[in-house]
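**Student:**
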Amino acid sequence: MADSHSGAHPKGLAHHFDDLTQQHEASALGMWGFLITEVMFFGGMFLAYILYRAQYMDAMVEASHHLDWVLGGINTFVLLCSSLTMAFAVHAAQEGHRKATVNWLALTTLFGIGFLVIKGFEY
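Numbering (our numbering), first residue to last: 1460 to 1582.
#1: Alpha carbon to alpha carbon, what distance is there between Tyr1515 and Ala1552?
#2: Work out the CA separation of Pro1469 and Leu1530 for me, nearest whole Å.
#3: Let me check understanding here. Comparing Cα to Cα, which of Val1520, His1483, Ala1548, Ala1473 lies closest to Ala1559?
#4: For the alpha helix (DSSP H) that Tyr1511 lies in, which residues bound it at each end?
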């Protein structure tokens, strides 16, 4: 009994796809699904914030006085740096640079720990 997948696949084709076109279409659909769910999630969060701010203006203003803008700014910077170092780690891994990948991941981990430490001080 012949198997339709017994032949050699082109380079870069995952085993569960018939051809590169099908693989590309599936990945495009997956990316659109991801983007739509992100827009819905963050759209809902921003809408909730806007509605609560309009409904409870005094409470929101009072609560904002308890925020530390310096720690928040530093934490945002740390988070952005960790995203950048993670992107560098992925790039190094794709290029086959094992040592650079490990170094970038270690730096990303340090930024992550720093983020959590700052969060601990914020709370």
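Yeah, the Cβ is synthetic: ideal placement off N, Cα and C, and Gly gets one too.
None of these values were measured; they are calculated from a predicted model.
**Tutor:** The structure says:
#1: Your numbering for residue 1552 matches position 93 in the sequence shown. Your numbering for residue 1515 matches position 56 in the sequence shown. The alpha-carbon of Ala1552 is positioned some 49 Å away from that of Tyr1515.
#2: Taking the sequence shown and counting its residues from 1, one reaches residue 1530 at position 71. Taking the sequence shown and counting its residues from 1, one reaches residue 1469 at position 10. Those two C-alpha atoms are separated by around 51 Å.
#3: On the sequence shown, residue 1559 is found 100 positions in, with the first residue counted as 1. The option with the nearest alpha carbon to Ala1559 is Ala1548.
#4: In the sequence shown, counting from the first residue as 1, residue 1511 sits at position 52. Start and end: 1479-1514.
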